[in-house]
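Under my numbering, read the sequence shown as residues 40 to 126, first letter to last.
Inspection log for the structure reproduced underneath, given as structure tokens.
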Amino acid sequence: MGREYRKLLASFERMLPLKHPSNLSREPIATKLLAMTEGTIGELATLLKTAAISAVRTGAERIDASVLAALAWEPPSARHTPSLGHV
């Protein structure tokens, strides 16, 4: 996990409308986010939006391990449907 990835997480965090800091660029949450999104920026944006909504609704007002664990989130590879083959 590189410096640029951590800077990206910090940028996302600045845009989130949460009352408390989530410290997304710090371990272990940065690693957890990377695993959940498989390194895809679009997935990261969607995950953080979903997590922020959940954090507001639950009153946590921060994205942490418990907020991420409560999401019904599957990484992109788990959502891939195999082709039916040639017909």
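Even for Gly, the Cβ is constructed at its ideal location relative to N, Cα and C.
All values reported here derive from a predicted model rather than from experimental measurement.
When C-alpha distances from residue 91 are compared across 47, 60, 41 and 74, the shortest belongs to 60. The beta carbons of residue 76 and residue 83 sit closer together than 7 Å.
In its chain, beyond the 5 residues on either side, 56 and 57 have a beta carbon closer than 8 Å to the beta carbon of residue 95. Of all C-beta pairs linking the segment 61-74 to the segment 44-51, three or more are shorter than 8 Å, placing the two stretches in contact.
In the three-state reduction of the DSSP assignment, residue 115 falls in the helix class.
Leaving aside the five residues that flank residue 89 on each side, the residues in its chain whose CB is nearer than 8 Å to its CB run, in chain order, 110 and 112.
Membership of residue 96 in the alpha helix (DSSP H) is indicated by the continuous run 80-97.
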